[in-house]
Amino acid sequence: MKTSSKLFLWKGIIVMNAENTRIGIIGLGSMSSAIVRGFITHGGIDPTRITASARNRARLENNCKALGIHPGTTAEVAENSDIVILTSGVARKPGQSRLELAQTNVNITKAIIPQIVKYAPNAIYIIVSNPVDILTYV
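Each residue of the sequence shown is one higher than the one before, counting from 19 in the numbering used here.
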């Protein structure tokens with residue numbers, strides 16, 4: 019199936035034209051680094067078409083350099099992205115309930131989403147942060 023569109027729906031599956039797709043990653047940690055490696059290795063995405071942001075700038079710079087992708091601000095990541103992957107949030111601490119984790123990560127997500135939508139209103143958003151069911155709803 020040939021198309022000039024960057025993204026299209028085929029049998030309920032989002033298919034991307036890897037050559038033209040721009041991907042933004044918000045929160046560059048171990049999970050998103052694995053996602054980026056998958057896009058590059060198995061998805062045929064040029065690393066120069068991936069931009070990432072994270073709160074910890076030193077970690078962001080190191081991870082981006084290792085992966086061959088561009089670091090940026092949240093606005094730079096979202097701008098012109100066809101797909102925005104949100105992996106920001108904190109990990110569950112020992113003894114922390116799922117609801118406590120949910121509240122912390124909901125607050126983080128609510129702070130980030132308006133910034134992203136402002137710059138990428140038509141992007142596909144993928145939430146990869148726990149608890150994913152609650153954060154996807156937010």
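By construction, the Cβ of each residue, glycine as well, lies at the ideal position given by its N, Cα and C atoms.
Contacting residues, own chain, Cβ-Cβ under 7 Å from residue i (five flanking each side not counted)
i: M49; result: T105, V146
Whole-number beta carbon distance between residue j and residue i, since they are thought to touch under 8 Å
i: I44; j: T92; result: 6 Å
i: V124; j: I152; result: 7 Å
Residue i, buried or exposed, once every other Cβ within 10 Å from all chains shown has been counted against 16
i: G56; result: exposed
i: R77; result: exposed
i: L117; result: exposed
i: V54; result: buried
i: T39; result: buried
i: T59; result: exposed
Cβ-based neighbour list, residue i, same chain, cut-off 8 Å, excluding 5 preceding and 5 following
i: Q133; result: T92, A93, A96
i: T122; result: G107, V108
i: T69; result: R40, I41, G42, I43, I87, H88, P89, G90, E94, V95, S99
Cβ neighbours of residue i in the same chain (closer than 6 Å, five flanking residues each side left out)
i: V72; result: Per the sequence shown, the amino acid found at residue 72 is Ala instead of Val. Once the five neighbours on either side are set aside, the close Cβ partners of A72 are G45, L46, L78.
i: A138; result: A96, S99, V102
i: P112; result: none
CB of residue i within 7 Å of CB of residue j, strictly
i: I126; j: G107; result: yes
i: N74; j: S51; result: no
i: A120; j: P89; result: no
First through last residue of the alpha helix (DSSP H) which encompasses residue i
i: V108; result: Careful: V108 lies outside any alpha helix (DSSP H) and carries neither H nor E.
i: A120; result: 116-137
i: I63; result: Unbroken run through I63: none, as it is neither H nor E.
i: I152; result: 150-155
i: T92; result: 92-96
Any C-beta of chain B under 7 Å from that of residue i
i: A141; result: The structure shown contains no chain B; it holds only a single protein chain.
Bounding residues of the beta strand (DSSP E) (the contiguous stretch that carries residue i)
i: G45; result: Counting along the chain, G45 falls outside any beta strand (DSSP E), and DSSP gives it neither H nor E.
i: A76; result: Unbroken run through A76 is the alpha helix (DSSP H), 75-85; no beta strand (DSSP E).
i: S71; result: 68-71
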